[in-house]
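Following our numbering, the numbering of the sequence shown begins with 5 at its first residue and continues without gaps.
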Amino acid sequence: MDIKEYKIISEVQEDHWWWLGRQKIIEDLIKIKIPLGHQLEIADVGCGYGANIPMLKKYGHVTGLDTSNEAVDSIKKRWGSEVDAMVWQSPENIPKQFDFIILADVLEHIPDDKATVDWIFRHLNEGGYVLVTVPAHQFFWTQMDVVVHHCRRYSSRELIDLFKPPFKITHFSFYNFILFPVKVGFLIFDRIKRRLQPKAELRSYNDIPPTPVNWLFKRILFLESPITKRFKIPFGISMVLLAQRPKNI
5 MDIKEYKIIS
15 EVQEDHWWWL
25 GRQKIIEDLI
35 KIKIPLGHQL
45 EIADVGCGYG
55 ANIPMLKKYG
65 HVTGLDTSNE
75 AVDSIKKRWG
85 SEVDAMVWQS
95 PENIPKQFDF
105 IILADVLEHI
115 PDDKATVDWI
125 FRHLNEGGYV
135 LVTVPAHQFF
145 WTQMDVVVHH
155 CRRYSSRELI
165 DLFKPPFKIT
175 HFSFYNFILF
185 PVKVGFLIFD
195 RIKRRLQPKA
205 ELRSYNDIPP
215 TPVNWLFKRI
225 LFLESPITKR
235 FKIPFGISMV
245 LLAQRPKNI
């Protein structure tokens with residue numbers, strides 16, 4: 005992503021409804037789906053400025069990987085030796101193995117996503133887990149996807165086929181389904197705006213919305229989390245997939 009977008013993310017990630025709601029969904033899945041009898045070796049791939057690191061640190065030792073020097077330096081400054089952080093470009097090998105690897109809205113930024121999934125398999129211990137969240141439905145493509153350098157939005161079949169085989173899919177669901185009509189409305193707005201103002205600067209709309217809206221949308225995702233972690237929701241704006249590397253492969 006552009007430096008400008010990294011800066012926006014660093015400023016909003018601790019208060020924005022989307023980051024907070026996604027983190028709630030991720031943590032609830034970790035608690036119910038992943039064995040937590042020991043401290044895990046965790047890789048936060050595409051960690052950015054560390055939105056998920058405070059949560060992940062509760063479950064083990066975290067290694068943050070990102071393409072941005074600024075983001076990695078920020079993590080080192082904030083957590084020091086508590087968190088390993090390194091500049092990394094997929095699919096570069098690193099001399100570490102992990103029990104749990106997370107890619108929170110990262111895979112869609114990587115041109116060769118299959119090579120990244122192969123990297124995940126190589127760097128997971130046998131029996132280890134990978135959790136990914138991605139944006140859903142190519143028909144939802146807007147200027148936001150362009151600005152943040154998405155390569156694609158996924159269908160459920162595309163995402164599942166990317167991991168299976170050799171992974172065992174242990175949980176899959178759409179999420180952010182209550183706000184589906186809001187996304188449709190934004191899509192219509194985006195199409196009209198681009199027609200009326202074709203030369204207007206593109207926006208990611210990642211800044212924090214008005215406080216009442218931010219609070220409401222966060223509460224909606226928090227309400228979705230108990231449903232998402234137990235059931236396979238058939239539609240939504242985003243998807244979450246949890247997969248395991250089988251033993252003895």
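C-beta: ideal position from N, C-alpha, C; glycine also.
Item, Value
"Under DSSP, the alpha helix (DSSP H) around P139 begins and ends at which residues?", "Not the alpha helix (DSSP H): P139 falls in the beta strand (DSSP E), residues 128–139."
"Just to confirm the assignment: which complete beta strand (DSSP E) runs, minimum length 3, are found wholly within the segment 46–125?", "64–70, 88–91, 102–108"
"With contact counted as at least three CB pairs below 8 Å, one residue from each stretch, are the segment 237–249 and the segment 168–188 in contact?", "yes"
"Have a look at the DSSP bridge pairing and note the partners of H20.", "Paired residue(s): none; H20 is not in a bridge."
"I'd like the span of the beta strand (DSSP E) that includes F176, first residue to last.", "172–179"
"May I ask which residues mark the beginning and end of the alpha helix (DSSP H) holding S160?", "160–167"
"Could you have a look at V152 and say whether DSSP puts it in helix, strand or coil?", "coil"
"Thinking C-beta only, is Y133 closer than 7 Å to S72?", "no"
"Helix, strand or coil for Q201, going by three-state DSSP, please let me know.", "coil"
"Alpha carbon to alpha carbon, how far is V121 from K203? Give it in angstroms, no decimals.", "37 Å"
"To the nearest angstrom, how far is the alpha carbon of F221 from that of W21?", "6 Å"
"If you draw a straight line from the C-alpha of S14 to the C-alpha of P99, how long is it?", "28 Å"
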